[in-house]
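A quick write-up on the structure given underneath.
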Amino acid sequence: MNEEIVNIVKEIKDIATTILEKDIATVRGFSERQVEAIAKQTLIIQKGILNGDIDEGLKEFFLDGLEAMVLNFVNTLKGILSVTIEKIWNAIVDSLWKAIDSVI
Numbered sequence: 000m001n002e003e004i005v006n007i008v009k010e011i012k013d014i015a016t017t018i019l020e021k022d023i024a025t026v027r028g029f030s031e032r033q034v035e036a037i038a039k040q041t042l043i044i045q046k047g048i049l050n051g052d053i054d055e056g057l058k059e060f061f062l063d064g065l066e067a068m069v070l071n072f073v074n075t076l077k078g079i080l081s082v083t084i085e086k087i088w089n090a091i092v093d094s095l096w097k098a099i100d101s102v103i
């Protein structure tokens, strides 16, 4: 393979890796906190149902709230990942334009 092609491929991989590593650290911290909160809420609901503090009428309310927590968590992750993908795309395109401009 041509050395210039090898260099461009390496640069694209380096760009993607740098952005992913930084953003994944952010996602990891966020997701750990959120998953822990969801797990705690699940146990609170479970105990409430077992000891009778949460009756059938309230059970649906708390389960709906738990479902909303999970949906918000997943939607936030989708948003973060979407932004990450866009950052990678922009950085790669910028790098390619610079490579082209360097010979013009």
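Residue numbers (numbering that gives the first Met the number 0): 0 to 103.
C-beta atoms are modelled at their ideal positions from N, C-alpha and C, and glycine is treated no differently.
Per DSSP, the continuous alpha helix (DSSP H) segment holding Val5 begins and ends at Glu2 to Asn50.
Take the alpha-carbon of Ser101 and the one of Glu20: they are about 28 Å apart. In the structure shown, Ser81 adopts helical secondary structure according to DSSP, grouped into three states. Excluding sequence positions up to five before and after Ile87, its CB lies within less than 6 Å of the CB of Ala15 and Ile18, all in the same chain and listed in chain order. Of the candidates Val5, Lys12, Ala36 and Asn1, the residue whose Cα lies closest to the Cα of Asn71 is Ala36. By the CB criterion at 8 Å, Ser94 and Ile4 fall outside the cutoff. Put simply, the stretch 73-87 does not touch the stretch 39-54. Fewer than three CB pairs are less than 8 Å apart. As the crow flies, the alpha-carbon of Ile48 is around 54 Å from that of Val92. Residue burial is scored here from C-beta neighbours: Ile44 has at least 16 other C-beta atoms within 10 angstroms and is therefore classed as buried.
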